[in-house]
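Report on one structure; see the data block that follows.
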Amino acid sequence: MVKIGNIELPDFPLLLAPMEDVSDPPFRALCKEQGADVVYTEFVSSEGLIRNAAKSVMKLDIYEKERPVGIQIFGANLDSMLQTIDIVAESKPDIIDINFGCPVKKVVSKGAGAGILKDICLMEQLTAEMVKRTDIPVTVKTRLGWDHDSIKIVEVAERLQDVGIKSIAIHGRTRAQMYKGEADWKPIAAVKNNPRMHIPVFGNGDVDSPEKAMLMRDQYGLDGCMIGRATIGNPWFFKQVKHFFETGEHYRPITMQERVEAARRHLQMSIDWKGEILGVFETRRHYTNYFKGIPHFKEHRMKMVTSDASVDVFAAFDEVLEKFGDFQFTN
1 MVKIGNIELP DFPLLLAPME DVSDPPFRAL CKEQGADVVY TEFVSSEGLI RNAAKSVMKL
61 DIYEKERPVG IQIFGANLDS MLQTIDIVAE SKPDIIDINF GCPVKKVVSK GAGAGILKDI
121 CLMEQLTAEM VKRTDIPVTV KTRLGWDHDS IKIVEVAERL QDVGIKSIAI HGRTRAQMYK
181 GEADWKPIAA VKNNPRMHIP VFGNGDVDSP EKAMLMRDQY GLDGCMIGRA TIGNPWFFKQ
241 VKHFFETGEH YRPITMQERV EAARRHLQMS IDWKGEILGV FETRRHYTNY FKGIPHFKEH
301 RMKMVTSDAS VDVFAAFDEV LEKFGDFQFT N
């Protein structure tokens, strides 16, 4: 059993990573149904939240069926982050996660996200004050370091643990790497193998197959796996990994019927939550992966990603099922 504070999770839990414009309530619901043990919101700007920006406030929407669910926040100003803790706590998440890993320039340039990796003392101070502010378990997601020459993740993780975080998820790249090259899990294993560490250490980065999840568990000895990009358009990834763990065999291919049904539900839940315009627009990024691998599919994909009215997207789903219903996926 793995525990984040008092939250009990199964052995080697699978966590849905917080992803901007992806990890919204509809997608989290689909992933939860397919076996995600913990789900996280999109990251929420502390500055946007304290200014009551509509987009930031909307990201605080969580539902009982998602639990345990974490709200992830980012920022670099202590006063703003403490105010954010108070606002977020009103939504009653199970976990409050601090983003110390986002590599995007507009975040980093303000000293937030991975930008704080250049000032470990500030990172520790900020975390300590936030932990003191709430009874909700505070966790951290971060990267190995700012660049290859400044990787101090073993020390950083220990210092953050010592000021009270309840788990740490580490992406196996530096900020300088962005998302290029291969994720290096060896430094994450070094954190886990530090005899002073007693909180869960979760690995993140490049887990795009059940085999890689098993490698992270068995060879690197981590406590769990946080999965991001591999789940886009594939909420079944969690089920696939768990089936592989239990049987040593790959889960059967997801059928066309199941894919169309998931895409339909995803779109409808998005419309119900965001309204017609945003619901249609922000679900588009998932369709390529829902229907990946189908030959001569461009015409149908274009209808899905260019139609502005949901009735047309739903009609495109019907056409796909009618024309490709018997298509056999290989994975």
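Okay, so the sequence shown: first residue is 1 according to the UniProt record's numbering, each after it adds one.
Every residue gets a Cβ at the ideal spot worked out from N, C-alpha and C, and that includes glycine.
All figures in this text were calculated on a predicted structure; none of them were measured in a lab.
Using the beta-carbon count (16 or more within 10 Å), is N234 buried or exposed?
Label assigned to N234: buried.
CA-to-CA distance, D162 to V22, given in whole angstroms:
32 angstroms
Quick one: what's got a C-beta closer than 8 angstroms to K132's C-beta in the same chain, skipping five residues either side?
Excluding five sequence positions before and after K132, the CB atoms of its chain that fall closer than 8 angstroms to its own CB belong to G164, given in chain order.
Boundaries (first-last residue) of the alpha helix (DSSP H) holding R159:
Membership of R159 in the alpha helix (DSSP H) is indicated by the continuous run I153 to D162.
Do M226 and L15 come within 8 angstroms of each other at the CB atom, strictly closer than that value?
yes
Can you give me the start and stop residues for the beta strand (DSSP E) that N193 sits inside?
No beta strand (DSSP E) holds N193; the alpha helix (DSSP H) holding it covers K186 to N193.
Hey, how far is the Cα of L49 from the Cα of K292?
37 angstroms
Whole angstroms are fine: how far does the CA of L321 sit from the CA of T139?
42 angstroms
Host beta strand (DSSP E) of M226 (start-end)
G224 to I227
Could you tell me which of K186, G113, M58 and P68 sits nearest to I87, measuring between CA atoms?
For the residues K186, G113, M58 and P68, the minimum Cα distance to I87 belongs to M58.
Which two residues bound the contiguous alpha helix (DSSP H) that contains L321?
S310 to F324
Segment contact, 8 angstroms Cβ cut-off, at least three pairs: the stretch 70-83 with the stretch 40-54
yes
When I170, R229, V2 and N289 are compared against V114, the one with the closest alpha-carbon
Reading off the sequence, residue 114 comes out as Ala, not Val. The residue with the shortest Cα to Cα distance from A114 is I170.
From what residue to what residue does the beta strand (DSSP E) around T174 run?
No beta strand (DSSP E) holds T174; DSSP gives it neither H nor E.
For D149, report the span of its beta strand (DSSP E) as first-last.
Here D149 belongs to no beta strand (DSSP E), and DSSP marks it neither H nor E.
Same chain only: Cβ atoms within 8 angstroms of M178, ignoring 5 sequence neighbours per side:
P103
Looking only at C-alpha atoms, which of F329, E124, R175 and H243 sits nearest to P295?
F329
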